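Peer 1:
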Amino acid sequence: MDWVIRGADKKLFWTVIVLFVGGILILSSASIVLSEKHAGTFYYYSLRQLLTGGVVGLACFFAAMHMPYRMWRKFGVFLMVLSFMLLALLFIPQFGFSHGGARRWLAFGSFTFQPSEILKLSFIVYLASWLDARRSDVGSVAYGLIPFSLMVALVSVFLVMQPDIGTLLIILSTVGFMYLLGGGRWHQVGILAVFGIVIGFFLVQLKPYLLNRIWVFFNPDFDPSGIGYQIAQSLIAIGSGGILGRGFGQSIQKYSYLPEPMGDSIFAVYLEEMGFLGALLLVGVFAFFLWRGLHIARRARDTFGKLLASGITVGIFIQAFINMAAISGLLPLTGV
1 MDWVIRGADK KLFWTVIVLF VGGILILSSA SIVLSEKHAG TFYYYSLRQL LTGGVVGLAC
61 FFAAMHMPYR MWRKFGVFLM VLSFMLLALL FIPQFGFSHG GARRWLAFGS FTFQPSEILK
121 LSFIVYLASW LDARRSDVGS VAYGLIPFSL MVALVSVFLV MQPDIGTLLI ILSTVGFMYL
181 LGGGRWHQVG ILAVFGIVIG FFLVQLKPYL LNRIWVFFNP DFDPSGIGYQ IAQSLIAIGS
241 GGILGRGFGQ SIQKYSYLPE PMGDSIFAVY LEEMGFLGAL LLVGVFAFFL WRGLHIARRA
301 RDTFGKLLAS GITVGIFIQA FINMAAISGL LPLTGV
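Just so we're aligned, residue 1 is where the sequence shown starts under UniProt numbering, counting upward by one.
Written out as structure tokens, the structure is:
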């Protein structure tokens with residue numbers, strides 16, 4: 001095994017493997033009902049995820065691990081152009097399709113995926129290269145703040161049109177952190193944040209479902225059979241788990257109560273089965289992942305490496321945090 005992970009950080013490697021295996025296990029439990037309903041077998045969705053996302057993901061994982069990270073600098077522009085092309089295809093009926101009121105998926109035959117997932121990595125790679133190339137100019141308004149703002153605005157337009165507000169929050173948080181790390185100034189990010197809040201306020205007025213989610217966040221007991229159904233059922237699942245949980249595979253809420261039990265609500269299934277102690281364990285693993293990733297980034301040999309490692313680490317952690325916090329009622333539901 002040592003030859004496989006030679007040169008890699010073993011602590012981070014095994015942390016990722018633990019998250020991967022744990023994710024497949026909880027998916028196998030959360031997807032039982034839908035698997036039996038749609039395919040007649042309890043393992044259909046977990047096996048499909050393992051053979052498609054799992055195998056492809058692990059292959060990319062090991063390939064990237066043995067690939068000099070500086071090579072990614074060459075692909076920054078290409079990846080961003082590819083991401084925008086795929087996002088544009090969403091609005092062509094032959095390729096893009098809607099689910100749950102959002103147009104986020106591309107379909108090529110039986111294969112479907114979300115272009116925004118590619119955008120998350122593409123923007124990190126491109127921004128790391130862009131910030132590294134400008135360095136001392138990043139803190140200036142003309143050569144740093146304005147170009148950065150235009151990039152963020154372009155990405156935001158594509159995501160709001162879908163709409164995919166959850167992904168937008170993840171990307172904005174990640175690139176904001178990278179901008180500061182790359183030489184941006186706090187007051188510049190603060191100005192952008194205020195501007196974003198103002199835009200968000202008007203967006204909420206235009207998108208009733210966003211207003212509903214915010215209303216339910218502040219009033220969790222409101223309309224539990226309507227717009228508050230998902231959070232109400234999630235909190236029931238979490239409360240049912242108690243300290244130790246019902247046990248692996250023993251969730252009741254996944255049986256046609258929780259919407260998207262193997263998607264948005266999978267953390268609620270996990271908490272019902274593993275309880276509060278299981279939640280502490282999972283949060284602890286992600287916290288260790290964050291610490292280890294930033295520790296590695298700090299030791300990078302150049303600015304590009306530091307920004308790339310930091311962006312990927314923070315992006316993954318923020319996505320996990322938003323999902324866990326939203327389904328626990330600590331943040332409005334975002335669809336992540």
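Built from N, CA and C at the ideal position, the CB exists for glycine as well.
Just so we're clear, the structure is a prediction, and the values are computed from it rather than from any experiment.
Put T112 into one of helix, strand or coil per three-state DSSP.
Peer 2: strand
Peer 1: When you compare each of T41, L168 and V21 to V55 by their alpha carbons, which one comes out closest?
Peer 2: V21
Peer 1: Note down, in chain order, each residue of its chain lying with its Cβ closer than 6 Å to the Cβ of I266, except the 5 sequence neighbours on either side.
Peer 2: A30
Peer 1: Per the DSSP calculation, L168 is bridged to which residue(s)?
Peer 2: In the DSSP output, where bridge partners are listed per residue, L168 has none listed.
Peer 1: Given this structure, state the Cα-to-Cα distance separating Y69 from E272, to the nearest angstrom.
Peer 2: 40 Å
Peer 1: With DSSP collapsed to three states, give me the class of G96.
Peer 2: strand
Peer 1: Tell me the DSSP secondary structure of A102 in three-state form.
Peer 2: strand
Peer 1: Would you call the region 66-84 and the region 97-108 touching, i.e. three or more CB-CB distances under 8 Å?
Peer 2: no
Peer 1: CB G275 to CB G242, shorter than 7 Å?
Peer 2: Yes, the Cβ-Cβ distance between G275 and G242 is below 7 Å.
Peer 1: Inspect the CB distances between the region 11-26 and the region 288-295 and report whether three or more fall short of 8 Å.
Peer 2: yes
Peer 1: Quick one: what's got a C-beta closer than 8 Å to S256's C-beta in the same chain, skipping five residues either side?
Peer 2: V33
Peer 1: Between I17, L154, G40 and F113, which lies nearest to L58 when the distance is taken from Cα to Cα?
Peer 2: I17
Peer 1: Quick check: what's the CA-CA separation for G190 versus F42?
Peer 2: 49 Å
Peer 1: Are the CB atoms of I24 and L50 within a distance shorter than 7 Å?
Peer 2: The answer is yes: Cβ separation under 7 Å.
Peer 1: Any contact of the region 223-235 with the region 170-179, i.e. 3+ C-beta pairs under 8 Å?
Peer 2: no
Peer 1: I need the boundaries of the alpha helix (DSSP H) containing A88, first residue and last residue.
Peer 2: G76 to L89
Peer 1: Within the continuous alpha helix (DSSP H) that includes M161, where are the two ends?
Peer 2: I146 to M161
Peer 1: Is it true that the CB of T334 sits closer than 7 Å to the CB of I165?
Peer 2: yes
Peer 1: Please determine if the region 197-214 and the region 135-147 are in contact, where contact requires at least 3 C-beta pairs separated by less than 8 Å.
Peer 2: no
Peer 1: Contact between the region 88-102 and the region 123-134: three or more CB pairs below 8 Å?
Peer 2: Judged by Cβ distances under 8 Å, the region 88-102 makes no contact with the region 123-134, as fewer than three pairs qualify.
Peer 1: Specify the secondary structure class of A300 as computed by DSSP and reduced to three states.
Peer 2: coil
Peer 1: Classify A107 as helix, strand or coil using the three-state DSSP reduction.
Peer 2: Three-state result, A107: strand.
Peer 1: Would K120 pass as a contact of G315 if the rule is Cβ separation under 7 Å?
Peer 2: Yes; because the gap between Cβ atoms is below 7 Å, this pair is in contact.
Peer 1: Measure the C-alpha to C-alpha separation of G184 and S240 and round it to an integer number of angstroms.
Peer 2: 46 Å
Peer 1: When burial is assigned at 16 or more other CB atoms within 10 Å of the CB, is I170 buried or exposed?
Peer 2: buried
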